[in-house]
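Below is one structure; the comments refer to it alone.
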Amino acid sequence: MLNGPGKILLKNLYYYSDGIVKKGFVYVEEHLVRDAGEEALPEYELSDVVYDFNNHAYAVHGFSMVLKGVEQPFRGIIHPDLSVYTESELEKIALHVITVYYSLGVTLPIIETDHPGIVNKVAKEHGLQLV
Numbered sequence: 003m004l005n006g007p008g009k010i011l012l013k014n015l016y017y018y019s020d021g022i023v024k025k026g027f028v029y030v031e032e033h034l035v036r037d038a039g040e041e042a043l044p045e046y047e048l049s050d051v052v053y054d055f056n057n058h059a060y061a062v063h064g065f066s067m068v069l070k071g072v073e074q075p076f077r078g079i080i081h082p083d084l085s086v087y088t089e090s091e092l093e094k095i096a097l098h099v100i101t102v103y104y105s106l107g108v109t110l111p112i113i114e115t116d117h118p119g120i121v122n123k124v125a126k127e128h129g130l131q132l133v
């Protein structure tokens, strides 16, 4: 039985570091991320808790949320027809969605969209960090 947070190894998952998504492990000790990378050191396998996610997990820092990108304002509509909007209008929608969620405290938006080029362009132009 653990008396405190102890040592935790999260392996075979995806994580965000240095502005890109990486595949590997995250090692946590006493509530702090102590190490992350492609291959965990053998001693990490002796942690109090070891989770093997078989590459079906994504570890993020802070408060993250999955958003639908330009589709977010239309989330109640099953198949919104966004073809009626120009690229410029879709960029404005994407910027609005991202900045609204930043203002609500989301520190790393995870964007799931059918328009990744538009969302990435907006994020790059405005220096916004997202996945």
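Position in the sequence shown (from 1) plus 2 gives the number in this note's numbering. Glycine included, every Cβ here is placed at the ideal spot set by N, Cα and C.
- DSSP places tyrosine 29 inside the beta strand (DSSP E), whose first and last residues are 22–31.
- Sequence-distant Cβ neighbours of asparagine 14 in its own chain, meaning closer than 6 Å and more than five residues away, are Asp54, Phe55, Asn56, Asn57.
- Under the 10 Å beta carbon count, leucine 106 is surrounded by fewer than 16 other beta carbons and is classified as exposed.
- Rounded to whole angstroms, the gap between the alpha carbons of valine 62 and valine 108 is 11 Å.
- Close CB contacts of histidine 117 within its chain, under the 7 Å cut and outside five residues either way in sequence, are with Gly71, Val72, Leu92 (chain order).
- Shown here for isoleucine 95: same chain residues with a beta carbon closer than 6 Å to its own, the five before and five after excluded, namely Val72 in chain order.
- Apart from the 5 residues on each side of it in sequence, aspartate 50 sits with its Cβ closer than 7 Å to the Cβ of Leu4, Gly8, Lys9, Ile10 in its chain, given in chain order.
- Rounded to whole angstroms, the gap between the alpha carbons of phenylalanine 76 and glycine 26 is 35 Å.
- Put simply, of Glu114, Ile120, Ile112, Met67 the residue whose alpha carbon is nearest the alpha carbon of tyrosine 87 is Ile120.
- It is roughly 22 Å from the alpha-carbon of tyrosine 103 to the alpha-carbon of aspartate 20.
- The alpha-carbon of threonine 101 is positioned some 16 Å away from that of threonine 115.
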